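Residue numbers (this note's numbering): 11 to 260. Glycine included, C-beta positions come from ideal geometry on N, C-alpha and C. The structure displayed is predicted, hence computed values, not measured ones.
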C-alpha cells in the first residue's frame, strides 16, 4: 500500500517495491532487488565522475570506481530491496551538481541539486545531516559565493516542495519514525547489543533461511552490478583524462 510515509521506511522504498511488483509480479520476488543492484552501478559511475571533477586522471578514476565496486558494505546493501542502496546515489548526485557549479558551470545545476535533495529525503531522512554539513562547509570556504543566487533559492524550494508530503505524514501520525528510533535505541541498550552484534545475528539468520536461494540470487545481482559498473566505466574513460581547472571552465 503506497503512502507518503511508513514507521521505519521512507516512501521511496515502497515505490521501488510497487514498480517491481508491476514489472515482475510476485512470482519473481528475487527481481525486487534489481533496482538496488542498478543503484549500485550508478554509485560506481558517480564515483568516477566525482574523481574526474576533482582533477583525478583516468587511473585515479578507475581505481576509485573499482574500490567502490568491491567494498563489502556496498556489495551487501546493493543486493536487497532497501533505501540504503539509493542513499549514496542522492548524496553523490548532489555533490556532482555542487562541483559543477563551483567549477564555473551553469547555476541551473542547483535545480538538479534540489530534485536530488528532495528525493533523498523521501528515500531516507538521514540526508538532512549531509545537506546541513554541506551548507556549513560552503559557508566556511570561499565557495560560499555560489550560494548567493536565485537558483539556490529555487533548489531550497524544490527540496521543501518534494519532501513536505512526507513531513505532513509524520506530523499527522504524531512522528512515528522518531518513536520507532527511540524504541530501537532503547532495545539495543537493554540487551547490550552493539552494531557488530546485531550485524552478526542478522547474518546468521539470513544464512539459515533458504541460503541456497539467496546465494543464487546474489550471483545474479552481483553480475548485474558488475556489468552495469563496467558499462559506466567504459563511458567515463572516454572523457578527458582529468577535468580542466576551474579557471579554464569559463
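Status (buried if at least 16 other CB within 10 Å, exposed otherwise) for residue i
i, result
"residue 21", "buried"
"residue 189", "exposed"
"residue 99", "buried"
"residue 123", "buried"
"residue 23", "buried"
"residue 169", "buried"
"residue 216", "With a pLDDT of 45 at residue 216, under the threshold of 50, the modelled position of that residue is not reliable, and no figure is offered here."
"residue 263", "Residue coverage of the chain in this structure runs from 11 to 260, which leaves residue 263 outside it and unanswerable."
"residue 79", "buried"
Coil, strand or helix - residue i by DSSP
i, result
"residue 53", "helix"
"residue 13", "coil"
"residue 75", "helix"
"residue 183", "coil"
"residue 193", "helix"
"residue 65", "coil"
"residue 167", "helix"
"residue 161", "helix"
Residue i - containing alpha helix (DSSP H), residue span
i, result
"residue 34", "21-34"
"residue 142", "137-149"
"residue 119", "119-133"
"residue 100", "97-112"
"residue 86", "82-87"
Residues near residue i by beta carbon distance below 7 Å, same chain, minus five either side
i, result
"residue 45", "26 and 30"
Cutoff 6 Å; reference residue i; Cβ partners in own chain excluding five residues on either side
i, result
"residue 106", "59"
"residue 101", "140"
"residue 18", "190"
"residue 70", "61"
Cβ neighbours of residue i in the same chain (closer than 8 Å, five flanking residues each side left out)
i, result
"residue 149", "157"
"residue 121", "161, 164, 165 and 168"
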